[in-house]
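Below you'll find the structure, written out as structure tokens, and then a few comments.
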Amino acid sequence: MRASLPTSSSSRTVTRPSRKFTVHAQQKRSLPAEPQTQACDDRVYSSPLPPKPPARPDPYTMLSSQLEHLRGTLLNLLGSSHPSLTEIAKYYFLHPSKQLRPLLVLLFSQATNGLGGNWHAKQWAAECEGAGGRTEELDRPLNRPDVLNDWNPSMPDYTASFQNSFSLRPPRPPSQPPLPPPPPRRDASPLAPTPCLLPTQMRLAQIVEMIHVASLLHDDVIDRSPLRRGVPSAPAAFGNKLSILAGDFLLGRTSAALSRLGDSEVVELIASIIANLVEGEILQLKSVHGDELGVAEAPSLGRDYLNVYLQKTYLKTASLMAKGARAAVVLGGCAEGEVWKEVAYAYGRNLGIAFQLVDDILDYEAGEATLGKPGGADLQLGLATGPALFAWEEHPEMGPLIKRKFEQEGDVELARDLVRRSSGLERTRDLARKHAEKAREVLALLPDSDAKSALEELTERVVKRTW
Ligand code: FPP
Ligand code: MG
């Protein structure tokens, strides 16, 4: 990290910020005006009705311009010297998702910026030329012509010729990073979030979406999905090989953008998400293709099976939300031992598990119009998710179906029927509610802000699925 605070008095002059980073300051308070009737109700003390809680901001409306900006500039990171690679790498971004993961990063940034002990240094790095945290510096071409060849037409730079052998180039003297100003006295910072977004946090929001899309490019090959978001999946449109390569390409661009954020704690967090996604996928594959992989484990009824399912759910879905949110708070200057990053992790982990549990319910309840792919896909893939596992506790006949991965004729229909005749869907929903409720509860540790209210709102929407 370039923006380290001076440890002793120094004779070097303190560099002043060259520019403010107000581009991504929070838009004006988006809470709708309190309805007149409600204000009146509050003053009628004899009324038996409790006052209505104030309406929460709509998370997507609150950050719509930032999300739009992120989507537009993200495409600039994906150019390559091979037009077909560029096309497929951009493919899923052109059919936009809910952008839930970037939304979490942005909301946690807004809810916690200004609270951490290192906020001052992070804010300084976002304003001061040469400190590495300004948008222009994050947007610099990712290649050094004397070391790498990574041609991106959206970020033009030299492209070394391969016609000749490569000559050594004398190194340029390193430029001195500017010295940050001394930290403010701790009691000078008020315990209230600063509703702005740092350029590093905006880039992080893009990074988490790029990792998500890379995992989908690989997942659609593994699952042989014909559709994604109602359009042909990448493997259906471009073939398996290009889909895998495009996913790898996205991870390559992600790694370069990640290192430029200049925070090793964030690099570790985000790198571990990629490992978790693969571990989650393997855990899921093990339950279906264990024999072929040589790691078959006989399923047995009980809490263990549910625990493995929830562990897989964390690894495949919740890890990205939990660690993405935590990384946002670290980039906002949360110091070691402060609670803010723990809140982000606990929230993201609980919200992510609730999100996936509801997804698993929808796979039984919803049709193609809602899902953008045929319903019942999990059973077709041989997967027993929450509803089937809970149904198994009430209908032992489910056991053999799970063991043979719903492979025999009529298995999928029978399993759906057993789920329907059980409390499987209800119990999965209860579990999702429990996790969503916990996510809301941990937010109590944060000071009040619009961003905190929007995060609370998400905990309700994740269960109701009203995006
Ligand atoms: C969608 O699950 C897939 C994931 C959440 C993660 C998939 C992870 C991998 C394939 C490991 C490789 C990871 C990287 C980063 C290259 P789903 O099939 O349940 O949902 P769907 O219905 O949207 O396909
Ligand atoms: Mg899939």
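For reference, each letter of the sequence shown is one residue, going 1420 to 1886 in my numbering.
Cβ coordinates follow ideal geometry from the N, Cα and C atoms, glycine included.
For M1817, the enclosing alpha helix (DSSP H) begins and ends at M1817 to K1822. Counting C-beta atoms within 10 angstroms of its own C-beta, P1597 has 16 or more neighbours from the protein chains shown and is therefore classed as buried.
In this structure, DSSP gives V1650 an extended state, which the three-state scheme calls strand.
Going by beta carbons, L1770 and A1870 fall outside the 8 Å limit.
By the C-beta criterion, the segment 1753 to 1762 is judged to be in contact with the segment 1525 to 1536, since at least 3 inter-stretch pairs fall below 8 Å. In the three-state reduction of the DSSP assignment, H1514 falls in the coil class, being assigned neither a helical nor a strand state. Classified as exposed, H1514 has fewer than 16 neighbouring CB atoms from the shown chains inside 10 Å of its CB.
Under the 8 Å Cβ criterion, the segment 1664 to 1684 does not count as touching the segment 1726 to 1738, having fewer than three qualifying pairs. Taking 4 residues as the minimum length, the alpha helix (DSSP H) runs contained wholly in the segment 1658 to 1683 are 1659 to 1678, in order along the chain.
Contact check for I1626 against L1677 passes: the beta carbons are separated by less than 8 Å. In the displayed model, K1735 falls within a helix according to three-state DSSP. For V1524, the secondary structure class from DSSP, reduced to helix, strand or coil, is helix. Counting every other CB atom within 10 Å of its CB across the protein chains shown gives S1872 a total of 16 or more, marking it as buried.
When A1474, V1861 and I1689 are compared, the shortest CA-CA separation from R1622 is found for I1689.
Only exposed fits G1658, as fewer than 16 other CB atoms lie within 10 angstroms of its CB. Burial check for R1839: the Cβ neighbour count within 10 Å stays below 16, so the residue is exposed. In chain order, the residues with a C-beta atom nearer than 5 Å to some heavy atom of the ligand MG are D1638 and D1642. Counting along the chain, H1814 sits inside no alpha helix (DSSP H), nor does DSSP assign it H or E at all. Between the alpha carbons of E1876 and K1857 lies a gap of roughly 13 Å.
Between Q1703 and K1742, the C-beta spacing is not below 8 Å. The alpha-carbon of P1819 is positioned some 38 Å away from that of Y1764. Annotation: the continuous alpha helix (DSSP H) that includes F1774 extends over W1759 to E1784.
G1552 is positioned such that its CB atom lies closer than 8 Å to that of P1618. The three-state reading of DSSP puts W1570 in coil, since its state is none of H, G, I, E or B. At a Cβ-Cβ threshold of 8 Å, V1861 and Y1766 count as neighbours. For W1811, same chain residues with a beta-carbon under 7 Å away, outside a window of 5 residues either side, are L1720, M1817, G1818 and I1821 in chain order. One alpha carbon belongs to L1874, the other to Y1479, and they sit about 11 Å apart. Non-local C-beta neighbours of S1584 in its own chain, meaning closer than 6 Å and more than five positions away in sequence, are absent. Distance from the C-beta of T1492 to the nearest heavy atom of the ligand FPP is not below 7 Å. Not a single heavy atom of the ligand FPP lies less than 7 Å from the C-beta of I1626. In terms of CA proximity to L1493, A1508 leads the group A1508, P1502 and R1846. DSSP places S1872 in the uninterrupted alpha helix (DSSP H) bounded by D1869 to K1883.
DSSP places Q1582 in the coil class of the three-state scheme, outside both helix and strand.
Shortest gap from the CB of I1693 to any heavy atom of the ligand FPP: under 7 Å. Straight-line spacing of the CA atoms in L1522 and L1750 works out to 16 Å.
DSSP places S1841 outside both helix and strand once states are collapsed to three, so it counts as coil.
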